[in-house]
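What follows is a set of notes on a single structure, which appears directly below.
2 protein chains.
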Amino acid sequence: MLSVEFIENQRKILDQTKLPFKERYLALNSAEEVSEAIKSMAVRGAPAIGIAAGYALALSDNPEKDYVTLLSSRPTAVDLKNALDFVAKGKTIEERKKLASLWQAGVSEACASIAENGASLLEKHNNVLTHCNTGAVATGVEYGTALGIIKKLKESGKDIFVYVGETRPRMQGAITSWELNKLKIPNSVIVDSAAGYFIYSGKVDAVMLGADRIAANGDFANKIGTYSLAVLAKENSIPFYVAAPLSSFDFSIDSGDKIKLEMRGEKEIIGDAYAGSTSALNPAFDITPARYVTRFITEKGIFSPEGVGSIGKIHRS
Amino acid sequence: MLSVEFIENQRKILDQTKLPFKERYLALNSAEEVSEAIKSMAVRGAPAIGIAAGYALALSDNPEKDYVTLLSSRPTAVDLKNALDFVAKGKTIEERKKLASLWQAGVSEACASIAENGASLLEKHNNVLTHCNTGAVATGVEYGTALGIIKKLKESGKDIFVYVGETRPRMQGAITSWELNKLKIPNSVIVDSAAGYFIYSGKVDAVMLGADRIAANGDFANKIGTYSLAVLAKENSIPFYVAAPLSSFDFSIDSGDKIKLEMRGEKEIIGDAYAGSTSALNPAFDITPARYVTRFITEKGIFSPEGVGSIGKIHRS
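In order, the protein sequences belong to chains E and A.
Residues 1 to 317, numbered by the numbering used here, are exactly what the first sequence covers, in order.
Residues 318 to 634, numbered by the numbering used here, are exactly what the second sequence covers, in order.
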């Protein structure tokens, strides 16, 4: 079963907050419930968020109001808006249901193509470091983005080892490791700050991860910690790859400084158990300037940062 | 009370594994118990480890054997060996007790001087990012190293804000934040991977932290994550300061690649609660090449990486 499914008029989502301990599916009955699931990160991963929101809007009796509710769930990932705009074109519930399915099918096709395109690029790399979760649970389809490429490499018989950044504070690395274990791909979880150690030691051939919103100039927002990995990759002359479908590009934004970055609550970091008086700052995303990106891997091919403008042209055509 | 004390023939240590929740002191009755406390990180921080080991050796009935036991507790911090060698010169328990006290007094004086020297250097910086814990609990004396400088700045009336890296997996940042709160110094805990975000945003004026072992060429070992911070500081043109007493220098080692780095158990990362089949890699330290260091702050003054050789000459004289 996929992490986001639409079965007999029910919006079913895999509750990612329970992973890797429990595979529990939630049936969500309204746009408010879907919005809450996105906020709490029961649904997470830019493409999966888009699909879930699309289904929520499809079944809505009040699509104008629910569009606003859903769009405000999380600010950074652009797939959410792109999916909502796509589904909102439907005038009736039936039309919107068709569009929501079509959107998911589009993501599925895009991710399969990303896996193909990325696998050829990664052929020379045996040891890949990744961050956060970009697997099938994050996309709501069969292949993930960055992790979809790794799955494809495995399917083609390649030996590959993955260093999995645990991704504090929400530990999405646990989901990544769980998915890799299911795929029988050797991997080890590391604390995020150990990435530099493994890169500097020469043990990592490439860093590859996803994106939540890519601006027209190639600057992009992704999970907190991405920028540090980009700087470490550059300093140590290893490639830094970003795998994302066109639905994660935002050609209306010309550079990264215009991307709104979500700040989340301090409890995610310091929890209830911490000493009462301590405060925390919890940016959920950071911006990585385009110049750090070796290649963007999309369903339309592989692009240098300078080439992102030309993706925009394909996208609009 | 200090984090390591010798009171009425008892080796008392503050159990740092219980911080910031509980201030519990342990009375340790043998070199084995002290060695276990160092391994489990009930005593941690290079200078505090040295002092605790010194007292353990002082009271030993079998100093040759206990020297070996204590030295093997943790491999990376050189203070441990330096303190043991100093105390081992005593032929009797009484002599060794005097030497162990003298060692602690020396660390105390050194840290007070580091605080003085560093405060003048940091005068222009209002926002400092630090990693791990370098406060009084880590040194076993009144002033910490990097955090001792921040304490001194506060005492001199300076407004200062500290970004505290939480320091996965053992969360020594919680101890740092607890110490800063006691000193009424404003601070926020951040996940380690958010350091890049705050540095790139221009919110951090300097990175300052401690060291576990500094080689003769200025390469140094410190808590995992230090190297990444050094690279981020360089990339963003902010100073990167290392505060450490001469007892943390190892002039017998000519470069960082000769420093033995401790690998710790994967349970520190993935815990008992994680999915059973997941593995983790847990290097406790990394090496930062000397070229990333703006200045070393010691009790003998402030040195560029190229000047570390001259510290060696002072040290031997």
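Where is the CB? At the ideal position from N, CA and C, for every residue including glycine.
For residue i, which three-state DSSP category applies?
i: Lys475/A; result: coil
i: Ser418/A; result: helix
i: Asn399/A; result: helix
i: Glu322/A; result: strand
i: Ala359/A; result: coil
i: Thr493/A; result: helix
i: Pro364/A; result: helix
i: Pro486/A; result: coil
i: Gly407/A; result: coil
i: Arg391/A; result: coil
i: Leu57/E; result: helix
i: Pro20/E; result: coil
i: Asn379/A; result: coil
i: Ser627/A; result: helix
i: Ser35/E; result: helix
Can you list, in chain order, the residues of its chain whose CB lies under 7 Å from that of residue i, leaving out five sequence neighbours each side?
i: Gly309/E; result: Ala216
i: Leu183/E; result: Lys151, Lys154
i: Asp509/A; result: Gly482, Glu483, Thr484, Arg485, Gly542
i: Ile477/A; result: Asn443, Val445, Ile467, Leu470, Lys471, Ile502
With a threshold of 8 Å between beta-carbons, can residue i be considered close to chain A, or not?
i: Val128/E; result: no
i: Ala194/E; result: yes
i: Asp286/E; result: yes
i: Ile160/E; result: no
i: Asn29/E; result: no
i: Thr134/E; result: no
i: Asn181/E; result: yes
i: Thr76/E; result: no
i: Ala146/E; result: no
i: Gly225/E; result: yes
i: Ser3/E; result: no
i: Ser188/E; result: yes
i: Tyr197/E; result: yes
i: Val43/E; result: no
i: Ser228/E; result: yes
i: Val207/E; result: no
i: Pro169/E; result: yes
Got a sec: is the Cβ-Cβ distance from residue i to anything in chain E below 8 Å?
i: Asn539/A; result: no
i: Ile614/A; result: no
i: Glu483/A; result: yes
i: Gly527/A; result: no
i: Thr334/A; result: no
i: Ile628/A; result: no
i: Ile587/A; result: yes
i: Thr595/A; result: yes
i: Leu470/A; result: no
i: Val508/A; result: yes
i: Ser554/A; result: no
i: Leu598/A; result: yes
i: Leu387/A; result: no
i: Val648/A; result: Given that chain A is displayed from residue 318 to residue 634, the structure contains no residue 648/A and the question cannot be resolved.
i: Ser494/A; result: yes
i: Leu549/A; result: yes
i: Tyr517/A; result: yes
Using a Cβ-Cβ cut-off of 6 Å (strictly less than) and excluding sequence neighbours within five positions of residue i, which residues of its own chain qualify?
i: Thr134/E; result: Gly144, Thr145, Ala146, Leu147, Gly210
i: Ala115/E; result: Tyr143, Gly148, Ile149, Lys152
Starting from residue i, follow its DSSP beta bridges and name the residues at the other end.
i: Tyr342/A; result: Leu331/A
i: Asn504/A; result: Val479/A
i: Ile302/E; result: Ile297/E
Under 8 Å Cβ to Cβ from residue i, same chain only, skipping five residues before and after it: list those, please.
i: Pro622/A; result: Asn534, Gly535, Ala607, Arg608, Val610, Phe613
i: Ile570/A; result: Arg530, Ala532, Ala533, Ile576
i: Pro20/E; result: Ala174, Ile175, Ser177, Trp178
i: Thr130/E; result: Ala146, Leu147, Ile150, Val162, Tyr163, Val164, Gly165, Thr176, Val207, Met208, Leu209
Check whether the Cβ of residue i lies closer than 7 Å to any heavy atom of the ligand SAM, and answer yes or no.
i: Ala607/A; result: Within the structure as shown, the ligand SAM is missing, as the structure has no ligands at all.
- Message: Quick check on the DSSP output: what are the complete beta strand (DSSP E) runs of length 3 or more inside the region 584–617 of chain A, in order along the chain?
- Response: 602–605, 612–615
- Query: Can you list the beta strand (DSSP E) stretches of 3 or more residues lying completely in the region 109–155 of chain E, in chain order?
  - Reply: 127–130
- Item | Every unbroken alpha helix (DSSP H) within the region 508–596 of chain A, with a cutoff of 4 residues, ordered by chain | 512–517, 543–552, 584–587
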